[in-house]
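According to the working numbering, the residues represented by the sequence shown are 1471 to 1856, in order.
Worksheet: one structure, shown below.
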Amino acid sequence: MNNFEFKNPTKIIFGKDTIEKVKEEIPQDAKVLLLYGGGSIKKNGIYDQVKTALTGVDVTEFGGIPANPEYATLMDALKVIKDQNITYLLAVGGGSVIDGTKFLSAAAVYEGDTPWDILTKHIRTKKGMPFGTVLTLPATGSEMNSGAVITRAETKEKLAMGGPGLFPEFSILDPEVITSIPQRQLANGLTDAFTHVLEQYMTYPIGALLQDRFAESILQTLIEVAPKVLKDPTDYNAAANFMWSCTMALNGLIQKGVPTDWAVHAMGHELTALFGIDHARTLAVIAPSHYKFNFEAKKEKLAQYAERVWNITEGSIDDKAYAAIEKTVDFFHELGIDTKLSDYTKDYEGTAEEIAKRFTNRGWLGLGEHQSLSPDKVEKIVKMAY
């Protein structure tokens, strides 16, 4: 196991009827900017719950943060923060709203002229404007980590950012919110969380026994609850396990002491930036091809995954490893998630070359756990995913 440091300061408030506790977590004298997305929280009652909980608090609202948090929209929100002398941010939404809020947390204290530099120059935020979250869509784990991904439509870019100052101070996780989430979004959430675990697990053995079993338990739980969540989102036990699995998949715990990959995300982000494909679905497009292309480097872990998660015990290491990839594809298909780029766009020709060119221009010359995935290899993986 590798050396590591682990600190996660986010307070989690989990369970039924917990949204009413939001006021207890925000300083009494705070000037709050309430941030949310396209308005679904006004239809499903979550907005009313939050507003009731914030009675007596100085609240300004900013809605309309899109599914891939858009830089231009966030710059409008940043102007509100400056003009209204906001001191505290509250994200009510899924990963996109929370990611957008993290950007605003960083941008609000950024002293440079162009906040986009936070992303392009990899500026880590050590202390941002304080913020909390009310999670409405389990998926990204953004409610308990310090990372974010922001999109800029004018340049067709989707870039990551982060820093120790971008953990939410608190996050409220009420599993009952999933009852109003469309099936498509539930399937996305299950796929996103599942792939988050794979990015931190599907590398090579390093003797981190507990970390492996943490990861495997999250995968097993997602497989077990997925059909229940999709069939009946009002099943509280399934919803609770789904929500907590999504949070645990990316709160930093399972990546400590082990090598991590994240190349699937790097390629997937480009598919979202170029075509607007849902983030989770881009991961399902890239992951199978990525594992097949890097089969020799990953087959020991793939075989372990086959045995422990999918109960595949027959055959050689190679046999089990290939079977595990197929099981993963089958799982995505059972969720209603397509796994080829051509399922989403007819304009896929040239995509692999464009992504390889972008990675070269950014200096991303060695992705993956071995930092050996060069742009020419990325090009081959994306072509395999057509």
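Glycine included, each C-beta is placed from N, C-alpha and C at the ideal position.
How many angstroms separate the CA atom of residue i from the CA atom of residue j?
{"i": "G1727", "j": "D1682", "result": "10 Å"}
{"i": "L1643", "j": "G1485", "result": "6 Å"}
{"i": "V1647", "j": "Q1725", "result": "28 Å"}
{"i": "T1665", "j": "L1744", "result": "21 Å"}
{"i": "A1791", "j": "D1731", "result": "17 Å"}
{"i": "T1742", "j": "E1495", "result": "35 Å"}
{"i": "T1783", "j": "D1789", "result": "10 Å"}
{"i": "G1598", "j": "F1763", "result": "40 Å"}
{"i": "H1592", "j": "G1738", "result": "19 Å"}
{"i": "K1771", "j": "T1704", "result": "36 Å"}
{"i": "K1477", "j": "L1503", "result": "27 Å"}
{"i": "L1656", "j": "K1596", "result": "33 Å"}
{"i": "N1711", "j": "A1696", "result": "10 Å"}
{"i": "V1755", "j": "T1525", "result": "45 Å"}
{"i": "H1673", "j": "K1493", "result": "Inspection of the sequence shows that residue 1673 is occupied by Thr rather than by His. Whole-angstrom Cα-Cα distance: 42 Å."}
For residue i, count neighbouring C-beta atoms within 10 Å of its own C-beta (all shown protein chains included) and say buried if the count is 16 or more, exposed if not.
{"i": "M1718", "result": "buried"}
{"i": "A1523", "result": "buried"}
{"i": "V1579", "result": "exposed"}
{"i": "D1587", "result": "exposed"}
{"i": "S1786", "result": "exposed"}
{"i": "A1542", "result": "exposed"}
{"i": "R1832", "result": "exposed"}
{"i": "P1652", "result": "exposed"}
{"i": "E1669", "result": "buried"}
{"i": "H1840", "result": "exposed"}
{"i": "P1675", "result": "exposed"}
{"i": "E1540", "result": "buried"}
{"i": "G1633", "result": "buried"}
{"i": "H1803", "result": "exposed"}
{"i": "E1581", "result": "exposed"}
{"i": "Q1519", "result": "buried"}
{"i": "M1631", "result": "buried"}
{"i": "S1812", "result": "exposed"}
Going by C-alpha to C-alpha distance, which of the options sits closest to residue i?
{"i": "K1628", "options": "L1811, D1788, T1752, S1842", "result": "T1752"}
{"i": "A1500", "options": "I1483, Y1792, V1527", "result": "V1527"}
{"i": "L1544", "options": "D1487, Y1506, V1520", "result": "Y1506"}
{"i": "P1479", "options": "L1741, E1613, A1663", "result": "E1613"}
{"i": "E1624", "options": "G1746, E1639, P1729", "result": "G1746"}
{"i": "I1688", "options": "K1512, G1677, L1660, Y1706", "result": "L1660"}
{"i": "C1716", "options": "Y1558, L1605, L1636", "result": "L1605"}
{"i": "A1826", "options": "L1811, L1843, T1815", "result": "L1843"}
{"i": "L1805", "options": "N1781, A1663, T1525", "result": "A1663"}
{"i": "I1483", "options": "A1630, F1640, D1846", "result": "F1640"}
{"i": "P1645", "options": "T1557, G1564, A1757, F1684", "result": "G1564"}
{"i": "T1557", "options": "S1575, D1569, A1733", "result": "S1575"}
{"i": "G1602", "options": "R1778, V1779, P1497", "result": "P1497"}
{"i": "K1552", "options": "T1530, P1536, I1535", "result": "T1530"}
Provide the residue span of the beta strand (DSSP E) that contains residue i, from first to last.
{"i": "M1599", "result": "Here M1599 belongs to no beta strand (DSSP E), and DSSP marks it neither H nor E."}
{"i": "A1561", "result": "1558-1563"}
{"i": "T1530", "result": "1528-1532"}
{"i": "F1712", "result": "Per DSSP, F1712 belongs to no beta strand (DSSP E); it is in the alpha helix (DSSP H), 1706-1719."}
{"i": "V1502", "result": "1501-1505"}
{"i": "I1483", "result": "1481-1484"}
So the alpha helix (DSSP H) residue i belongs to, where does it begin and stop?
{"i": "W1780", "result": "1765-1780"}
{"i": "N1831", "result": "1821-1832"}
{"i": "T1590", "result": "1587-1590"}
{"i": "A1733", "result": "1733-1745"}
{"i": "Q1725", "result": "Premise fails: Q1725 is in no alpha helix (DSSP H) and is neither H nor E."}
{"i": "P1845", "result": "1845-1854"}
{"i": "L1835", "result": "First-last for L1835: undefined, no H or E at that position."}
{"i": "Y1541", "result": "1541-1553"}
{"i": "S1612", "result": "Note, S1612: premise wrong, no alpha helix (DSSP H); not H, not E."}
{"i": "K1512", "result": "1510-1513"}
{"i": "V1520", "result": "1516-1523"}
{"i": "K1493", "result": "1492-1495"}
Secondary structure, alpha helix (DSSP H): runs of 4+ residues fully inside the region 1787-1813 | 1787-1804
What alpha helix (DSSP H) runs, 4 residues minimum, are completely inside the region 1616-1680?
-> 1653-1671
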